[in-house]
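**Q** In terms of the numbering used here, the sequence shown has 1049 at position 343, counting the first letter as 1, and numbering is strictly consecutive. Where a beta carbon is used, it is the ideal one built from N, C-alpha and C, also for glycine. I have a structure here, written as structure tokens, and I will follow up with some questions on it.
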Amino acid sequence: MARPAVSVILPTYNEAENIPVLLERLGQVLKSIAHEIIVVDDNSPDHTWEIADAIAAENPRIRVVRRLTGRGLSSAVVAGMSVAAGRTFAVMDADLQHDEAILPELVAAVDSGDCDLAIGSRGSAGGSYGDFSRFRRFLSWGAASMARLLLPVRVKDPMSGYFVVSRRLFKSSADRINPVGFKILLEFIGRNPDIKIKEIGYTFRLRKHGETKLSGSVMRNYLLALYDMRFGRFVSARFAMYSAVGSTGVLVNLLGERLGSAAGLPEVYTGLTNVLDPLYLSVPFGIQLSIISNYFLNNYITFYEHRHRGWRALWGFTLFEAISSIGVLVQWGVFQLLHVNGFLTGVLEEDLRRTVNNMIGIVVALIGNYFLNVNFTWKRR
Ligand code: GDD
Ligand code: MN
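Set out below in structure tokens:
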């Protein structure tokens, strides 16, 4: 049997009220085009899959994939494309926000060989954001601007969730796609700078039923993915986040020390060794504050996917505290080793030499602690 011209992939999560309407409308606009429709539902609590299945029972062109493991818009799209039979693959939101009227035009543009990718665009001629809220428009604008700044992106609406790709383009990109979050279109554009792209305008509609699944974690994943596409070859995104959190820790540390001494934390004499005396208690106070803030920031940003909740956070924090203490010793040890042995003497002026040796200690401790935290504190389960 010949391949259909298009496989329409519809990712759904709680779209029970929308999916019957959309399937009906798609049947209309695709009347004269050989097509199949693949609904990829992540086992929606509202039973979208069951409703779609009942419609598919009457229509051999419709298939339903009910995924029982895994969640996410992009990965659902990739799962749909992996089993699709068409010469082209269309991706469309199932919430009726994308205007199905331009779908035949998008398909024709790719199927005719005119381009490798056709985008339903809110930003180009004939397109608009409709009554999209100012806030969402701002988010979309910010995300698109960042993509344009970092990647070889020349399109008007790189955040569109409505597009058609050729089977060939999917095949050649499939194993490089990072299917996390919402930015599946960007994966195709960002990783294939030489493809031919066409944009076709349409007016974005408001949602009537159900609600958006765009969340803080989706936005975080978007930024991560951008970073990964641009700089991932050089430094892993996680280590970059860890280092960024570490830098905020330095600030907290310095501020904490000032706060502690302003609050009257005393200098104490241990009498143990004159290396330690007098001990300025404001210093360990600053260190402790920075360990606490580093823990929370790492838990919610760097290691979000493995974050500790409830009581587990207490155990996680204990480990983090222990590893941080090792880090302090490592930093100190490396500094002493280098500095006392005269590393960079004669190369750098004395004050600078001390700072540079201390910085080397900090970097060694940072890398060592990162390794320990990845493998122990936020170990994948
Ligand atoms: N299978 C599956 N799994 N589908 C999902 C999931 C999921 O975890 N999350 C969302 N979807 C489906 C929704 O059911 C809907 O059909 C479609 O993906 C889009 O989700 P929305 O939650 O409606 O996204 P949005 O409208 O806020 O975002 C749209 O606009 C963004 C740009 O402004 C999408 O088109 C995005 O791709 C786009 O970046
Ligand atoms: Mn939507």
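1. Whole-angstrom Cβ separation of residue 822 and residue 872, contact assumed at under 8 Å?
2. Go through the residues and name those whose CB comes closer than 7 Å to any heavy atom of the ligand MN, in chain order.
3. Return yes when the Cβ of residue 910 is within less than 8 Å of the Cβ of residue 838, no when it is not.
4. Is it the case that the CB of residue 889 approaches a heavy atom of the ligand GDD more closely than 7 Å?
5. What does the alpha-carbon distance come out to for the pair residue 809 and residue 928?
6. Within a Cβ cutoff of 7 Å, which residues of the same chain sit near residue 916, ignoring the five residues on either side of it in sequence?
7. Return yes when the Cβ of residue 732 is within less than 8 Å of the Cβ of residue 806, no when it is not.
8. Looking only at its chain, what residues have a beta carbon closer than 7 Å to the beta carbon of residue 858, apart from the 5 residues adjacent to it on each side?
9. How should residue 786 be labelled, buried or exposed, when 16 other C-beta atoms within 10 angstroms of its C-beta is the threshold for buried?
10. Do residue 779 and the ligand GDD come close, with the Cβ less than 7 Å from some heavy atom?
11. Give a yes or no on whether the C-beta atoms belonging to residue 1007 and residue 947 are separated by under 8 Å.
12. Counting pairs of beta carbons, one from the stretch 935–955 and one from the stretch 994–1001, are three or more of them closer than 8 Å?
13. Where does residue 732 sit, in a helix, a strand or coil, going by DSSP?
14. Is it right to say residue 1032 is buried, meaning 16 or more other beta carbons lie within 10 angstroms of its own, or is it exposed?
15. For residue 890, I'd like the list of residues in its chain whose CB is within less than 6 Å of its CB, leaving aside the five on either flank, ordered along the chain.
16. Give the DSSP-derived three-state secondary structure of residue 1035 in the structure shown.
17. With H, G and I counted as helix, E and B as strand and the rest as coil, what does DSSP make of residue 741?
18. Which term fits residue 803, buried or exposed, when burial requires 16 or more other beta carbons within 10 angstroms of its beta carbon?
**A** Once the coordinates are examined:
1. Confirmed, Cβ separation roughly 5 Å.
2. This selection yields 799, 801, 803, 913 and 918.
3. Yes. Within cutoff.
4. Yes; taking the cut-off as 7 Å, the Cβ of residue 889 has a heavy atom of the ligand GDD nearer than that.
5. About 26 Å.
6. Cβ neighbours of residue 916 beyond the five flanking positions: 720, 721, 723, 724 and 801.
7. Going by C-beta atoms, residue 806 is nearer than 8 Å to residue 732.
8. Here the set comprises 899.
9. Result: buried.
10. Remark: the C-beta of residue 779 is in contact range of the ligand GDD, defined as less than 7 Å to any heavy atom.
11. Closer than 8 Å, so yes.
12. The stretch 935–955 is in contact with the stretch 994–1001.
13. In the displayed model, residue 732 falls within a helix according to three-state DSSP.
14. With fewer than 16 other Cβ atoms from the protein chains shown falling within 10 Å of its own Cβ, residue 1032 counts as exposed.
15. Within the same chain, and ignoring the five residues on either side of residue 890 in sequence, the residues whose Cβ sits closer than 6 Å to its Cβ are 780 and 783.
16. Residue state, collapsed to three classes: helix.
17. Note: residue 741 maps to strand in three-state DSSP.
18. Residue environment analysis places residue 803 among the buried positions, since at least 16 neighbouring C-beta atoms fall within 10 angstroms of its C-beta.
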